[in-house]
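Add 11 to the 1-based position in the sequence shown for my numbering, that's all there is to it.
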Amino acid sequence: MLRWPAQEPLAALVSGGTLESQNAWTILARPVETIVIAADSTATDALAQLELALSRTPRPSVPQSHDTRDIPFTGGWILALGYALGECFEPRAVCDAQPAAASPRAVLHWCADAWCFDHTTSTLHAIGNPPTLSSPTETPAWQLHSMHPRESDAHYAASVARAIEYIRAGDAYQANIARRFDGVLSGSARAFAHAAISENHAWFGACVDLPGGGCLVSMSPELFLRVSHDGRIATRPIKGTRSADVPARELLESTKDCAELAMIVDLMRNDLGRVAAIGSVEVAQSRVLETHRTVHHGVAEIRARLRNDVSWMDVLRATFPPGSVTGAPKVRAMQIIQELEETERGFYCGGIGFISASGNAALSVAIRTAQLGAADADNERALAYHAGCGIVIESELAAEVAETHTKARAVFQLAQSGDVDPS
């Protein structure tokens, strides 16, 4: 990212570069057209706008025969889907208590020119006519400071307690409740993004420019959807988290975390089943451990084969927002989320990735994601970062509060000054 010309807009999807990262490619692309689905757009208008855009990259009606090792992105959309887009797909989830929205429902960058780097072969491929990459002599300066939670630990614990009450009453089996942390970034947003993604070895990193001068910086470890040109689709939901400082067996032996993941596996099987060929949905991995820079995660993998008549819009309508960051059943969990969370999620818990003209697509779940505002006259930007937990009937308030701080370490460890105030 640091070699990308500073004056050029950027939509970057960055691999952690490790063999176990589930993501072998880094894509640096130049947006030539941007579609913004506004926060105040109606559900009907938002879906019509999205469907029209996605029709420019139709899924192949017949499975393609070219080698699956081909470059995954050959031009197309690099997109950031906000969590609020899910309200358009699931209008029953909207309730009167929802916070005021300011972030767009979605931003789609049309990118015809890109550099694609294959980490398995260390090969750089040019798509179209991408800009020349520079060789910077020094890294631009940046500083992250003034980090603090938007709400107190006690307030978040009260929200968790209310979610547990709903679960005990039979409203839901699980609800993912998040909280927001705020900070200030001084200096270069791209240099910060490079450091954040590199330091965390983010499997599905991203640095995506937003209209108006903002930026998304994602350090996501979670694959939402991967679709190959031959119609294969996979999702890898995460449920269960422990600090990387504790033995991994603590997570592996947790019956609560195992049950939490099993609920979401069932939900995602159902979601994929809406667009899959009959009999093709399978649980490839029911529960495995993944270790990242700051955390251990419990992960499953569900696979299927899409029906030939399914469009990209059909896929999103069936699966978005991701089940791992809503809960089960999805609609009621989304209603509980809207009631209990005081701030909008923005792009957090949405999806970030690409839909290629070749028929390939990949989207991460936008967790471990910082949303940056436009720079002011002093080159400072507001930074918003969320962390959340899957709440089930066995949840303990103190443990869920601690888990949000564990997940927040991905960005807080980058702070150059100022501590997180837990009050």
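Built from N, CA and C at the ideal position, the CB exists for glycine as well.
Straight-line Cα distance separating residue j from residue i
i           : j           : result
residue 141 : residue 13  : 15 Å
residue 1   : residue 326 : In the structure displayed, the chain extends from 12 to 434; residue 1 sits before or after that span and is not available.
residue 402 : residue 378 : 16 Å
residue 22  : residue 220 : 6 Å
residue 283 : residue 197 : 42 Å
residue 369 : residue 70  : 8 Å
residue 200 : residue 153 : 7 Å
residue 83  : residue 371 : 6 Å
residue 295 : residue 266 : 20 Å
residue 150 : residue 15  : 12 Å
residue 248 : residue 381 : 20 Å
residue 400 : residue 252 : 9 Å
Exposure label - residue i; buried when at least 16 CB within 10 Å
i           : result
residue 43  : exposed
residue 346 : buried
residue 65  : buried
residue 297 : exposed
residue 11  : Outside the shown range of the chain, which is 12 to 434, sits residue 11, and nothing can be said about it.
residue 256 : exposed
residue 397 : buried
residue 102 : exposed
residue 165 : exposed
residue 299 : exposed
residue 404 : exposed
residue 27  : buried
Which of helix, strand or coil DSSP assigns to residue i
i           : result
residue 97  : helix
residue 116 : coil
residue 400 : strand
residue 224 : helix
residue 16  : coil
residue 298 : strand
residue 37  : strand
residue 252 : strand
residue 282 : helix
residue 161 : coil
Spatial neighbours of residue i in its chain, beta-carbon cut-off 8 Å, leaving aside the 5 residues before and after
i           : result
residue 425 : 155, 203, 206, 207, 210
residue 136 : 82, 126, 127, 128, 129
Same chain, Cβ closer than 6 Å to residue i, five either side skipped, listed in chain order
i           : result
residue 25  : 37, 208, 216
residue 3   : With the chain running from 12 to 434 in the structure shown, residue 3 is simply not present.
residue 324 : 62, 65
residue 104 : 98, 342, 345, 346
residue 391 : 195, 197
- Are three or more beta carbon pairs between the stretch 286 to 294 and the stretch 338 to 345 nearer than 8 Å? no
- Task: Inspect the CB distances between the stretch 82 to 94 and the stretch 33 to 49 and report whether three or more fall short of 8 Å.
- Result: yes
Does the contact criterion of 3 or more C-beta pairs under 8 Å hold for the stretch 348 to 367 versus the stretch 181 to 194?
yes
Check: If you pair each beta-carbon of the stretch 143 to 153 with each one of the stretch 115 to 122, do three or more pairs fall below 8 Å?
Finding: no
* **Three CB pairs or more closer than 8 Å across the stretch 363 to 377 and the stretch 221 to 229** => yes
Can at least three beta-carbon pairs, one atom from the stretch 302 to 319 and one from the stretch 264 to 283, be found at a separation below 8 Å?
yes
Exercise for review: Please confirm if the stretch 379 to 387 is in contact with the stretch 237 to 252, defined as three or more CB-CB distances below 8 Å between the two stretches.
Suggested key: no
- Item | Cβ contact (3+ pairs, closer than 8 Å) linking the stretch 408 to 418 and the stretch 365 to 375 | no
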